[in-house]
Every structure is written in structure tokens, then in C-alpha cells.
Amino acid sequence: MARDNINSPYYEDNGEGAATYNKIVEWLNEAALSTESSVKVDNLRKVQEIIFNSAQSSLLDNFLHEVLVFQTDRNADVRKLIIGFIEEACKKDPDILPKVVMNINLLLQDNSAQVQKRVIQAAGPIYKVALKWLAKAKSITEEMEAAWKLFGQIKQQIINMIDNDNDGIRTLAVKFLEFIVLLQTYPEVDGLPRESDFSLEDIPFTLKIARRRKLEEEAQELFQLLIKFHGSPHISSVNLMTCMGSLVLIAKLRPQLMGKVVTALESLHINLPPTLSKSQVSSVRKHLKLQLLNLLKLPTSIDFHNNITTLLTDLGATYQEVLKAYPKADDIRKYKQKRSQETSHSDVPMKKMKMDQEFDDNEPETEYGENKRKSENAVDITEKFIAERLTAEFATQLVMLSMAKLPEIMPPHFSSTYTPIAAAGTKGQIRHVARLMATQLTAINLGPGVKLAKKTIKAVIEDDDEEMQYTKTLVPSTTGDVKKVEEKGKTTLVPAGSKQNKLSRLKTLKLQEITKPLKEEVKNSLMVSAFEKILEADKAAVDGGVSATRTKIITFMASTFSPQLRAATLNYIKADIKSRIDLGISWLYEEYSFMQGFNRFPFCLKQDKKPDENYNNLLHTIINEVMFEAKLDLRDREVLLNRLYLEVPLITDDAMDLLKDMCCDEVKAPLGLKLLEDLIVKRPPRQMNLLNALLVHTSHENLIIRSEALTRVVSLYNRKDLSNIIEEYSVFYLGFLKLPLPPDVLFGNDRGRPEKTDAWTEETIKACLYLLMALLPINEKMIHELARVYVATAADVKRTIIRLLEQPVRGMGMNSPELLLLVEQCPKGAETLVTRVIHVLTDKVPPSAELVERVRDLYRSRVSDVRFLIPVLNGLKKEEVIDALPKLIKLNPIVVKEVFNRLLGTHSETTEFTSPITPAELLIALHTIDPSKCELKIVIKATSLCFAERQVYTQETLAVVLQQLMEINPLPTLLMRTVIQSLTIYPRLIGFVMNILQRLILKQVWKQKKVWEGFIKCCQRTKPQSFQVLLQLPAPQLAEVFKECPDIRNPLLDHVMTFTEHQRKHIQKNVMDLLLGNQTVIIDDDSEYVPPPSVPELIVDIKKEPVDPSEPPPPGIISD
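For what it's worth, UniProt numbering labels the leading residue of the sequence shown as 1, then goes sequentially.
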């Protein structure tokens, strides 16, 4: 087989033709006998190629039946190949249609879905071939009529398959409907051209079995079926996108159906099938947006640009995308000229024009002033009906009535399809809502448009029936009559162009020809006067229910006409800006529409400025008026500014500058900063710029501005999308502290520091810390960043950080894991910072066990500075406190004072205060400190601090201390000093002190020099009560006392002389001689002390008499 040379002229030879014939027979026999489907398919494909590519037309007739035998083959691929064979056969020789139409019908009912799909694919081209075949036939035979009737049944079966269970079959059925609609409708010059296109106008009027009107009616019905299927609530996403593409293609090729397609797309936008998943909804919306952009590119869609652009805006299309798809001005102008020429010189037959008027009910009246009238369809009529009544009050009532049926939880389907309304309340948006409502009402046969449309269609049908009846009466009986009737019919079928031509020749009344033009000054004066009357008619407009219309007129004229009207409108708003702010906002939206190109500037008017300048100047003027209007109170100013900044479509840079200036004013700052916070949340596109403007004020020098800004930033910090940015900003400012000089960003009028300084000051240091300190209680991890920066800063900066740290640390609390981690890790160089943190945490409350454990470990392993232990002293063990005392009391006196305050609880505000050591144990521990570890004078200062706390060291506590000190051996060096201080503070301890002195004599106190010296001083200060104790001393020690204190001998002698003779006998003789001066005493420290006999008469009871307050205390003694 030479397949590559099938088209060679060699096949023209009879011998070669016989060989081809035999080859085909061989392949067919092989295919019939083979059990392998691949062999069958391959052989049949070879046969098909030779038959259709051969110049021998007889091959198709000879082998048609032999090939069609395989349509009953078990293999679906073979049956699909047969369908392709039938399709190619019909294209090559339409006369075989009656032979294969039944085969097509049988294959359409095949059990295999794949075969059915292939039949549907082939049915469209075959149907087109059949229609051409009938149109070109000189006469219609019964066989042709029967074939056409069967084709009608096949067509109906495929139409019914639009409800098939198989998704793929439904998709192909939709494409078949698209094919039929395009085939059985009239093309328009405006439509996109198609190569070798066959349409309704190619079918002759005389073809009875396929009347144009009937075919067009059927096409309209199928088109309505497509629209109905397009709006089905249970349609799949694949079917929906296919149907959407078919409708858009129909609109491109048949512009007369554009209106219905746009209406269907509008209905789909608000009624997406609830069965779609979230991803499917997204795909459908993207596909819808793409199809709308394709429609927008067509000049034929000019009448529906408002509808299409509104839909695109709702679908999230940007202004640039819409503008890019918008047709060029030249194309629009050419299109308008072509339409006007068609209106004046139409060559379309009268019948076609009538049918167009009958079914072309989708194009509303345009705003471009062409003479061609458009018949309004049901949706347009209902839309106008709704738009005239859809006021703000009525919309409010509708919303309130529907609130009862609103679900408690937002449906996922709604949340996935909802798009925020970009221009709520504007005229265009109201028309869009009215259009959507009209579409839904018309779909359920409600609304005034439905009734009027039914009447119109009924009248047209009756008119057509009358015309058909009239045509039937003119059937001729002779050949000559036939020609006359045809000529007459041609005359009657001419479109209504003759009447239109007559109308077009009528002279139109033009005011310019019968009136004189006014002077420019007069026109401006009249225009301003009329405009001012409209401005002052606000109450009348409200009473008449046309307030929205009045607003639209005012805003449009102010935006497009002379500067005088603009100034008049602005003055009118300023006169009562509180009640007329709505007009100002509407005006801003009008200016914004011109700026974005949503509204086109009238050709008869000339702009004095660019649209963006007009919008910017207007917004700046209104905001400035609200900010500085003296008549407005603070509450009204807040409401108006909130409305302006939150409701206007675009915030310009000038408007932002005004807001920033307001934030720098101490009086207006709270209002401005609160507004900034709202804008950050509600205007995401400018979120970063707005947030930066707010963050700048967190380092402001003014306390009121800074505090308000910090409050707003902390509130925004709870939003996950902003927390990272705020953190980075705080860390960025914190990093400035590592610089040798303060950066320029800290200075400026908007920072409250107009003059730059060349060195760090406390104010500039704090400016870098305010935000971070405010965030610390919320994000405790930032304490580590502060510690890292602290290590690298100068001494002045460190002191400022420590001073500011108290409040944030208190907010974090002692149980903060990050603070415990900081204590545990303690970066090198941050010891002072960590110490301060611990101090703040334990200042008013006792330390937690976790904190104590971490400080203890840090002290033992890394930091040997005893100051680390001070905040957690109350959490340590008694032995640990006593071991640390020598180091603690060596610190600064102020620090030592704090140590004792913590241990004694003198400044604790909690009732749960606990200390590891009692006051008595603390004082005893101080007395027992090893002199090698701490100097005596330091210990003396420490004991003095204890005695200063009289509320802790009471008379009873000191008695316990003295009692326990007496038990220590050897006696503490500072024992007598403590005795003297105790007696000085509490003179009523005199009896207890005398007992101590007597016990000291028994302990031979003179053997410890320091204690002995204190003993003598104590006896000297406590005379005469100490005389009894002195008399118990051995003579050598008494002589030493007299040596140290000579002034005590005579008083002691006088005291002894008051004794009775019996009492003096109990005094040792050497003592008595020493008193009388009769004996020189030899002091022998090594002699053993023998206590004098205990004679009751010698023991003098010391009465505790009250101290006379009028008598001054002896030197060195402090009275109570």
C-alpha cells in the first residue's frame, strides 16, 4: 500500500483503480474477520483515507454499506470511527444523507457514553450540511423531507441530553445548542466575521420544510434553553463554564442577542450554584471575569458597557484591566457611523427586520443619540420600574424585613463569592442592583416587564399570522402569475427601509437655526442662577422623593461644568457642612469616577484641570473645612472626619498630610490617632503607610500624643497581620541606642523635637524605648532583645533603660517564663539589668521558688556578686543568708539598709511576708561574724541599722538577743556595745542589764579586753544601779575600774557608807580597804576569781521607777 501517494494521478488509470478497489476489499475482509479491535480500527482508518482522498467518487457509493456494517461492532472505538466516517461522507457527498441518517439515529442511542459523545460532536456539522443541501436543492423530494424530519428527531434527542447524567454529554449538548443557535439566526454586519459561515439568510424563502421564521423561532427557544441551563442551581462547574463560553460566543457573532447574554451573566454573578466547591467558585468567577473582558473589547457591546464594567468591578477587576479591554475610541466612532448608515440605508429584507424586531428585545435605549429605536425587553422594563423606586429608605425597609431570614452563621458559599461593593449608594450601583433584581424577578415571571413582553409577543404573532394568511391568498395558477407574485413578494419583503428613508428625509427642527446665541456672560449667569436654585431646593427634593436625582445633578454639574458652579457647590456645603456632608461625599465619588475613567467627560465640555487634581483639591478643601470649622464641637468633628476618611473612595497624599498634622496637635491628637487606627484596619491597601504614620508618634516628645499613640499601637498589636511589623519597628528604634549619636529620624516637628542634638540625652534615649516598653508585657520575648542591646550601649543609656524598666517588668510578673530564662542565661554585661529586673519583681512580694532557684544557680556558677542574692534573700535558707551576711554588709549603706528591710519585712506591703531568719537571729549572726571576713566597724554600722528599726527590735526581742549572746563562748566582741545600745533605747531594761553584768562577773569578763572595757563603760553609765555589781568585783578588777573611771570611787564609797554595820561586814576587806584608800591592790589577772558570799542584805532591789521626762538623759543615752 502506498498511502503517501493516494492523491497521485496514477490512480486515474483503470488498472490502478482496480488495485485500489481490491485493497479496500482486502482491508474490509480482514477487519471483519479479525478479533482484535486495533486491527479493525487501523484497517477502517486506511479505508476511510483512501475513499475520501481519492479522486474516484464511486468508491464512497461502492463501499458505504460495507463500512456502515461495522456500526454494530462490540468495540466502542470502532463505532466511533464509523461516526467519523459518516461525518466525512456527508461533507463529501450530501446526497447520501437519506442513507445514513438512520444510522446516526441508532448510534445516538448507543449504550456507550463515548459513542454518544462522538455522535453529538458530528451531529452539528452534519446538520449544517443537511441545511445547505436543502437550501441548494431545486426541488424537495419525499426522501429529502423524510431525512429532514428524522434529523429533527435527532436534534430533539440531543437537546434533551442537556439533562443527561453524564457531565461530558451535557457539555457537548451545550456546544450543539450553540451551533444550532448560530446556524439558525441572522448574522449582523457588526458581528465578528466567520469563514465559510452559513446562517439563516442563506436559506431561501421558498424552502417550505425549513421556514426561516420557524428556524429562527427554534433558535430563540434553544437560546432561552441555554440561558435557563446557564442559570440552573445544580449545574456543574464544567458545564457552567462551557455554557458561559457558548453564550459569549453567540453574543460576539450575533450582537442582537448581546443584551440577553449580559443579563444572564449578571444573574449568574449573584446566583452562583450552591453545589460548587470553594475552588470551583473561584474558577467560575475567573472565567466569568475573562468572558466579560472579552465582551468589553467588542464595539458592539457599547450599549452595555455600564453593566459589564459594574460586573467586572464586583469581580475584582482593576481599573487598568478594564481600561485595557475597553475598545478604542476610533473603533467606537466607526461603529456608531456604521450603525447610523445602516439605519438610513438598510438593505435587509422586510421580513428579517420584522423578525429582528420580534425577537431582538435585549437592547435598551442607548445614551448616544442614534436614531435607531431599541425595543425594551422584560428585564429592562422591570429594571426601570425598580430603579425609580429603589430609594435609600425603601432599601432599608427591604433589609430590615429580610433580617428575620438571615442565618446566624455566614454560609461558606456566600463568603467565597461575596465581593465588597466599591461604589455603594451611587447612581450606577443602584442601577446595577435594580438590574440584578429585575433579572431574578423576570426569571420567575414577575414584574411589569413580563406582562408587557407577553402582550408584545402576542401582538407580533397575530400580525405574522395575518401576513401568512395574506400570502397564501396570493398563490398563483400560471407561470406568469408566479413571476408577478414573486416580484410583488420581493417588494413586500423589503425591510421597513422605505418608511425609514422617508422619515430620514424629514427636516429636523434645530434650535440653532431659529434662535440667536446668548453671550457667554449671560449664559454663565443664567446657568449659575439655575444651579443655585437646585442647590436651595433640598427640602423640596426630599418632599418629592427625588433627593437622589438632585444630588446626581449637582455632583455631575459641579464636576463637569464651569468653575463658578464648583465654587457655588463648595460654598453651599461649607455653609452647613454637618448636614450636607453626604452631598460632599457624593461629589467626591463623582470626581473619582471621572478620575478612574468610569464616567466619560462630555465632549461638549472642556476640563480646566486634570481629574485627579479636581478630586484631590475637593477632598483637601472639605477635610480642611471640617478640621478648622469653629462651629463644630469635638463630637461632630470626629463623626465627620471618620465619615470622610473611611467612606471616600481614595485618600490622597494631601489628605494624609492633613491627618498627620492633626496628630501632632496636642488637642486634636486623640481624634487623629484614633482615626489612623480605624483606617489601618478598614483600608488595607494603604495599611503600611498608615501604620508607619501611627508608629512615628509612639516616640513623640509630647506625653499626651505619645500615650495615645502607644495605646492605639498596643490595640493593633493583637492583630496577627500587624504584630510582626510593629515588633520590627520597636526593635529598629531600640537599635538606635547602639549608635554613638542619635539619628536624624528622632528629630523634626512631627516628632516634637524641632532641633537636632549632637549627643544622646535622656529624652532621645527614652524615645527609642517607649514602644518596646509598651509591648514587653504583651510579648515577653522582647526582653531578650532589650538585654542584647543593653550590653552594647553606653553608661548613660544603660541608666535610662534601668529607670524605665520597672513598669513593664511589673506587668510581666514574677512567673514570666521569659524573665526566668533571662535570669538563667544572663548575658555577659547585663548583670545590672538582670539585678534590676529581680529587684522590681521582688520589691513588694516574696520571690517565687523558681526565681530563687535560678538566682541561686547563677550566683553559684557564673556571677559571684552577692548583690544578685538581695532580691531573693527571703527565699534563701537561713544558713545561706548567714553565710552571705559578711559580704552583704560590706555593700553601700543604702544597699545594706535594703537588705535588712527585706530580711526584717519593714517595708513589705503583703501580709504573707516570710523571712528565713528572725530579727533576733539576724542580730546574733552579726555579732558572730568572723573578724577576718569583715571589719568590726562595718559590723557596728550593720548593728546600728538593726537598732534603728524599733518596731522590729522591741524590748523583748533585745532581751532575747542579750540572753543568747551571753551563752556564746567566748563572748562576742560587741556584746557590751549592744547592751549599752539596748539600755539606751529601752531604759527599762536596767534590771535585766544588771543581771547580765552580774553574770559577766561570774564569766570573768575582765579576761576579754574589749568586753571588759564595755563592761566598765556600762557600769559607769548605769550608776548608781551598777554599784551593787561593782561591789561584787574582786579588788584588783575594782581597782582597774577606779583607774579607768576615778570619778566612780567616791560615789561608790558614799553608797557603801549608807550601809548598816551588819551589811558592811559582808563586803570583802580588801575591797573595803580599796574604797577607803588604805591598801594598794596588786592586779593579778591569773588569780582565780572567788565570788563574794551571797548575802541577801547586799542585794539591793532596783525598782523600775518611771523616768522623769523633765530630767535630761545622761550623755550618749537616747530617751524613749
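Don't be surprised by glycine CBs; every beta carbon is placed ideally from N, CA and C.
CA-to-CA, the gap between Gly672 and Leu659 works out to about 6 angstroms. Proximity to Leu398 across Leu694, Lys933 and Val433 peaks at Val433, based on C-alpha coordinates. DSSP lists Gly748 as the beta-bridge partner residues of Arg753. DSSP, read as helix, strand or coil, puts Gln981 in helix. Under the three-state reduction of DSSP, Trp760 is assigned to coil, being neither helix nor strand. Distance between Gln1020 and Val1011, taken at the CA atoms: about 14 angstroms. The Cβ-Cβ distance between Val809 and Leu734 does not fall below 8 angstroms.
In this structure, Thr313 sits away from Thr382, with a CB-CB distance that is not shorter than 8 angstroms.
For Ala122, the closest of Lys175, Ile83, Ala146 and Met102 by C-alpha to C-alpha distance is Ile83. In the three-state reduction of the DSSP assignment, His927 falls in the helix class.
Assignment of alpha helix (DSSP H) within the segment 238-317, counting only whole runs of 4 or more residues, yields 258-270, 278-296 and 305-314 in chain order.
For the set Thr793, Ile140 and Leu182, the Cα lying nearest the Cα of Ala210 is the one of Ile140. As summarised for the segment 177-233, the continuous alpha helix (DSSP H) elements at least 4 residues long and confined to that stretch are 212-230, given in chain order.
Met403 and Met410 have their alpha carbons spaced roughly 13 angstroms apart. Nearest Cα to Asp197 within the set Lys128, His234 and Ser236: Lys128.
Nearest to Glu967 by alpha-carbon distance, out of Asn75, Leu1000 and Arg950, is Leu1000. Nearest to Gln320 by alpha-carbon distance, out of Asn239, Gly597 and Leu772, is Gly597. When DSSP states are grouped into helix, strand and coil, His1055 belongs to the helix group. Apart from sequence neighbours up to five positions away, the residues of its chain that approach Ala251 with a beta-carbon distance below 7 angstroms are Leu257, Met258, Val261 and Leu295, ordered along the chain. If you ignore the 5 residues before and after Gln998, its C-beta comes within less than 7 angstroms of the C-beta of Val1029 and Gln1032, all in its own chain and listed in chain order. In this structure, the beta-carbon distance from Leu535 to Tyr572 falls below 8 angstroms. For Trp1006, no alpha helix (DSSP H) run applies, since DSSP gives it neither H nor E. The DSSP assignment places complete alpha helix (DSSP H) segments of no fewer than 4 residues inside the segment 638-704 at 653-663, 669-682 and 687-696, in order along the chain. With distances taken between CA atoms, Thr35 lies nearest to Arg74 out of Arg74, Ile154, Lys682 and Asn62.
Of all alpha-carbon atoms in Ile51, Ala558, Thr842 and Leu81, the one lying nearest the alpha-carbon of Asn22 is that of Ile51.
The continuous alpha helix (DSSP H) containing Leu97 extends over residues Leu97 to Leu108. Assignment of alpha helix (DSSP H) within the segment 36-76, counting only whole runs of 4 or more residues, yields 37-53 and 58-68 in chain order. The beta-carbon separation of Ala378 and Val322, rounded to 28 angstroms, does not stay under the 8 angstroms limit for a contact. Cβ atoms of Lys1017 and Leu971 stay farther apart than 8 angstroms, at about 15 angstroms. Val238 and Thr171 do touch by the CB rule: their CB atoms are close to 6 angstroms apart, below 8 angstroms.
The C-beta distance from Lys336 to Ala317 rounds to 25 angstroms, too long to fall under 8 angstroms, and the pair is not in contact.
Sequence-distant partners of Leu81 (beyond 5 residues in either direction) whose C-beta falls short of 7 angstroms from its own C-beta, in its chain, are Val41, Leu44 and Arg45.
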